[in-house]
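Engineer: Following this message is one structure expressed as structure tokens.
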Amino acid sequence: MLAGLLALEVAIPGATVTATAAPGTPAAAPVAGTGATSATLAARLEGERVEVLDERTETRTVWANPDGTFTEDRSAGPVRFRNADGSWTDVDIDLAAAPGGKVVAKAHPLGLTLAGATPVRKDTAATRRLRAAEPVAAATPLVSLTNDQGQRVELGWRGALPAPRIDGTRATYPSALPHADLVVDATRTGFEQFLTLRSKRAVSEAGTLRMTLTAKGLTARTAPGGGLAFTDNATGKPVGTLPAPVMWDARTDERSGDHTHRAPVAMAFDQHGDDIDLTLTPDAAFLAAPDTVFPVTVDPSVNLLTTFTTFVQDGYTTDQSTAKELKLGNNGSGQVARSFLRFTNRPVKKQEIKAATLKLWNHHAWSCSARAWEVWDTGNPGTASRWTAQPKWNRLWATSTATKGGTGCAGGWVSADVKALTQAWADNPNPENSLGIRAADEKDPYGWKRFNSRNAASNVPVLSVTYNSLPDTPAAVALTPSAHNSLNKRTYATSVTPTFSAKVADPDGGTVKAQFEVSADPAFNDAGGYSWTGTSGGVASGGTAKLALPADKKLGPHGYRLRARSHDGSAYGPWSGYVPFRVNTAKPAAPAVTCEGHPEEQWKDTAAGAMTCTLATTSTDGRGFLWGLDDPTTPKAVNDPAGTGGKPQTVKFTAGKGWHTLHARTVDSAGLLSGTTAFRFGMGPEPVEVPVPDVPVALQEGATDTATPLLSGVVTSGDQERVRGEFALFDAAGKALSGVTLPTAGADSGSRVATAVPEGTLTAGTRYQWAMRGCGAEACFAWTVRRSFTAQKPGTERTPPTRTVEITGSALQDATVPVGAQDCGGAPCAPVQDGLLKVGTPDSTAWRTWFRADLSAVPAGARITDARLRLHRADCPAGEPEEGCE
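Counting from 1370, one number per residue, gives the positions in the sequence shown under the numbering used here.
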């Protein structure tokens, strides 16, 4: 029996669809988590991988693994689709009868629907001639597809259709034309339509085949190299192709499975609106040739999907991107084939690839011999790829000998390890990358293999990648304590063992550490070969990791640079940029003050008015100065424009009649402060003698176990008038507390004045400084030396420690000095060490008495709050109470 076959394959853009089930990859997750974080947690708790539902697409499935990694299965074609309610359904393209006589695929991403039986028009020679002359607009929708964006492709059939016979994915319409059967095969990307011609008479009657392809929203144009190219009317972007059709007869090579007798098919088209009328004209000479063996297949195919696979083969001159298979190797007749697959790179950017496998369904092989095949990185293939116009073969990355599909080894999955290639893709900023497969020996037909392509009804190619998301680049890399110099734009560490910090995060969540690196800054080249690296403890993703520099790695007064990177327990992320800094821990020297025309501590008979004073320091890294006229808090600043160098600076101000004090401190490049210099001067038309009190003495802090401690001191004045005590409060660094004014208090000369720190001023556990001065009716005297105290929580008892020092006889010395004499007649007086101290002047002599006390038991720097000297009379009468002789 003679038979012929005309085929038309159609596919349109999918709705939303996911990855094919490969070996060891279950179709559904036993446990699922919505996002990466929840899925990772569930995987660790359950001890098995969990699908990340937020990452599911029509071609991709992502799994969270118990070890914190992820595995992504990317298929070359859709394996699931999204329903209108947002749920997912696995693709099932088996056909089934539907109400009304139609036929539908059980679960198709594009809603594949086939026609049922239609009325039969009487078949006569006249009706056949009439049918051939009629316009080709479709009378009956044979096959229709619609995606979720409303784009619709419909193949129309002119004439009656019998009821189809259904077998799996195939529907056969027997005798749809005289001596011919119409066959439609469902595929996951669309459908294939064949016309089986059962005799030469059917061939002669068919002549040219006219069909209508309805493509809503698309425009067809002639493509370079033949065929049609489809563009979206709304966007103008290319969305698919209909390659130039070819035909082949029934002869196939027994070992390669290739059709060895092929010929071109002429195709013309005419578009009116959404309808595209196709006219296919098989090569008459090919059909009439005596060596042509039926069936003959005419195979135009439409591709409108975004994924891409294709093969090129010596002797094939048309686009093969819609073929249902991929090929590689020598088919035994000298024709060599190679195949290409294109994958998006976005899902695995910035990842550490732990494993990657290319999985292909090998349905046919020349033999079961393990002949090697190769995986290369290539340029991107396209519909113009041919044997004579291949993408560039860039680099060989993997080799595999896995073989299935030969006699004695059934078809099945074969794989190649492409970890290194996929890592290169992950490091590549391109949105998509392509690979090519070919035989290692293209002269050996035993290396011939055929695989399912993305258009196959099942088992499409899969790229399975296990990866760990690289941690993000750390943010806010810093060191403390430090100061930023806004003038020279440099950062200064004010400790030789600073603490480093950085905000670290990982796309997968979990615990993240920071690795810090400190090295000599080549911009300064003064730190030798210093280098240190340390890793912090773990913090939650998004937190700040900290690490102190060890004491044995302390820094010198040099220039360094700091950087950091994150570590998620598996891999390091990229390094941050460098943070340069210098170390400065030495306080600067206090400034020297000179004022034009006004010597220190002198009255100048000049009118009150403008003053110019110069502040200078011996420190070479002085940034500037803080100063204040009659204000020890030095609220004003004058800076060296360079931010360092210690150059003298000039300050100008207006002073009124009277005595004034210019207070000044040096600020160095790191913001460290010197002690205060007080420059006192007077000015006016005549000297003003203003009585001023003395510097307060016997300063004390009381009630520091409350929120309002008492600060006090004894004030005195030479004129014995009342004295007003003024108080100032500072932080531990000596900076005046902003907005804090302590109440003043007055007392008679020789009395103690006190002030209470206002409620809410102090923070428990914080150290503060304070000072006071005495003020008379017209002027104030100098401030006292600053004292320190630590604010305690209310109710905290703090009893000062007491030390008792016994003065032994060997520490007592005295000598008799004649009244009016000079040290025993001009010679040193001989000390008497007899354990007694003589007090008084019994005759014409005076006793000079002294002693030495060993105070080593008192801690260095301790503040003496109370001290008593107890002396015992040597001639105390017997029976006298002890206290009476002291």
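Idealized CB from N, CA, C, for every residue including glycine.
Is Asp1858 buried or exposed, if buried means 16 or more other CB atoms sit within 10 Å of its CB?
Structural biologist: Sequence inspection shows Lys at residue 1858; the Asp mentioned does not correspond to that position. By the 10 Å Cβ count, Lys1858 comes out exposed.
Engineer: Do the CB positions of Tyr2137 and Ala2114 come within less than 8 Å of each other?
Structural biologist: No, these two residues do not count as a Cβ contact at 8 Å.
Engineer: Is DSSP giving Tyr1815 helix, strand or coil here?
Structural biologist: Tyr1815 falls in the helix class under three-state DSSP.
Engineer: When the Cα atoms are used, what is the spatial distance from Ala1390 to Thr1487?
Structural biologist: Only weak support exists for where Ala1390 lies, its pLDDT of 33 falling under 50; the coordinates are left without a value.
Engineer: DSSP beta-bridge partners for Arg1853?
Structural biologist: Note that residue 1853 is His in the sequence shown here, rather than Arg. Beta-bridge pairing links His1853 to Thr1860.
Engineer: So which of Val1962, Val1829, Asp1921 and Leu1918 has the shortest CA-CA distance to Val2342?
Structural biologist: Because the chain is modelled from 1370 through 2255, residue 2342 falls outside the range shown and cannot be assessed.
Engineer: Buried or exposed: which applies to Ser1900, given that a residue is buried once 16 or more other Cβ atoms fall within 10 Å of its Cβ?
Structural biologist: Label assigned to Ser1900: exposed.
Engineer: Can you tell me the Cα-Cα spacing of Asn1699 and Ala1825, whole angstroms?
Structural biologist: Cα-Cα distance, rounded: 22 Å.
Engineer: Write down the C-beta distance between Gly1928 and Ala1955 rounded to the nearest angstrom, noting that I regard them as a contact closer than 8 Å.
Structural biologist: Gly1928 to Ala1955, Cβ: 16 Å. No contact.
Engineer: In angstroms with no decimal places, state the Cα-to-Cα distance between Ser1870 and Asp1841.
Structural biologist: Looking at the two C-alpha atoms, the distance is approximately 15 Å.
Engineer: Out of Lys1693, Arg1711 and Phe1885, state which residue places its alpha-carbon closest to the alpha-carbon of Asn1828.
Structural biologist: Asn1828 has its Cα closest to that of Lys1693, out of Lys1693, Arg1711 and Phe1885.
Engineer: Count the other CB atoms within 10 Å of the CB of Ala2133; is the residue buried (16 or more) or exposed (fewer)?
Structural biologist: With fewer than 16 Cβ atoms within 10 Å of its Cβ, Ala2133 is classed as exposed.
Engineer: Shortest alpha-carbon distance to Asp1999 belongs to which of Ala1985, Ser2157, Phe2048 and Glu1965?
Structural biologist: That would be Phe2048, whose Cα lies nearest to the Cα of Asp1999.
Engineer: Rounded C-beta distance between Thr2002 and Ala2105? I'm assuming under 8 Å.
Structural biologist: Correct: roughly 4 Å between the Cβ atoms.
Engineer: Would you check if the distance between the CB atom of Ser1838 and the CB atom of Asp1786 is smaller than 8 Å?
Structural biologist: Going by C-beta atoms, Ser1838 is not nearer than 8 Å to Asp1786.
Engineer: How big is the Cα-Cα spacing for Thr2185 and Ser2118?
Structural biologist: Interpretation of Thr2185 is limited by its pLDDT of 49, a score under 50 that renders its predicted location unreliable; no figure is taken from the coordinates.
Engineer: Measuring CA to CA, which of Val2109, Thr1482 and Ala1847 is closest to Val1948?
Structural biologist: Ranking Val2109, Thr1482 and Ala1847 by Cα distance to Val1948 puts Ala1847 first.
Engineer: Do three or more CB pairs link the region 1748-1758 to the region 1801-1815 at distances below 8 Å?
Structural biologist: The answer is yes - the region 1801-1815 touches the region 1748-1758, with three or more Cβ pairs under 8 Å.
Engineer: Can you tell me whether DSSP reads Leu1410 as helix, strand or coil?
Structural biologist: Leu1410: helix per DSSP, three-state reduction.
Engineer: Between which residues of its own chain and Trp1526 is the CB-CB distance below 6 Å, once the five residues before and five after are set aside?
Structural biologist: The residues are Thr1509 and Leu1511.
Engineer: So if DSSP puts Thr1656 in a beta bridge, which residue, or which two residues, is it bridged to?
Structural biologist: Note that residue 1656 corresponds to Leu in the displayed sequence, not to Thr. Answer is none; Leu1656 lacks a bridge partner.
Engineer: So Trp1944 is in the beta strand (DSSP E); what residue range does that whole segment cover?
Structural biologist: From DSSP, Trp1944 is part of no beta strand (DSSP E); its letter is neither H nor E.
Engineer: Determine the contact status of Pro2060 and Gly2071, defining contact as a CB-CB distance below 8 Å.
Structural biologist: The answer is no: Cβ separation not under 8 Å.
Engineer: Would you kindly work out how many angstroms separate the C-alpha atoms of Ala1476 and Gly1906, rounded to a whole number?
Structural biologist: Those two C-alpha atoms are separated by around 52 Å.
Engineer: Along the beta strand (DSSP E) that carries Lys2005, what are the first and last residues, could you check?
Structural biologist: Element bounds for Lys2005: Lys2005 to Asn2008.
Engineer: Spatial neighbours of Leu1832 within its chain, please: C-beta separation below 6 Å, excluding the five flanking residues on both sides.
Structural biologist: Excluding positions up to five away in sequence, the list reads Arg1443, Phe1712 and Leu1727.
Engineer: Could you round the C-beta distance between His1630 and Thr1661 to whole angstroms and report it? I think they count as a contact, below 8 Å.
Structural biologist: So it is a contact: roughly 7 Å between Cβ atoms.
Engineer: Find out if the Cβ-Cβ distance for the pair Asp1554, Thr1565 is shorter than 8 Å.
Structural biologist: Going by C-beta atoms, Asp1554 is not nearer than 8 Å to Thr1565.
Engineer: Using the beta-carbon count (16 or more within 10 Å), is Gly2082 buried or exposed?
Structural biologist: Gly2082 should be labelled buried.
Engineer: May I ask which residues mark the beginning and end of the alpha helix (DSSP H) holding Leu1790?
Structural biologist: Unbroken alpha helix (DSSP H) run through Leu1790: Lys1788 to Ala1795.
Engineer: In chain order, what residues of the same chain lie with their CB nearer than 7 Å to the CB of Asp1639, ignoring the 5 residues before and after it?
Structural biologist: Around Asp1639: Asp1646.
Engineer: From Thr1691 to Thr1515, what does the alpha carbon distance come to, in whole angstroms?
Structural biologist: In a straight line, the C-alpha of Thr1691 is about 19 Å away from that of Thr1515.
Engineer: Locate the beta strand (DSSP E) running through Cys1982, then write down its first and last residues.
Structural biologist: Residues Gly1978 to Ala1985.
Engineer: Beta strand (DSSP E) containing Gly2143: first to last residue?
Structural biologist: Gly2143 -> beta strand (DSSP E) spans Arg2136 to Cys2144.
Engineer: Short of 7 Å in beta carbon distance, which residues of its chain neighbour Thr1541, apart from the five on each side in sequence? Order them along the chain.
Structural biologist: Here the set comprises Pro1533, Arg1534, Asp1550 and Val1552.
Engineer: Quick one: what does DSSP say Pro1607 is sitting in, helix, strand or coil?
Structural biologist: Here Pro1607 sits in strand by DSSP.
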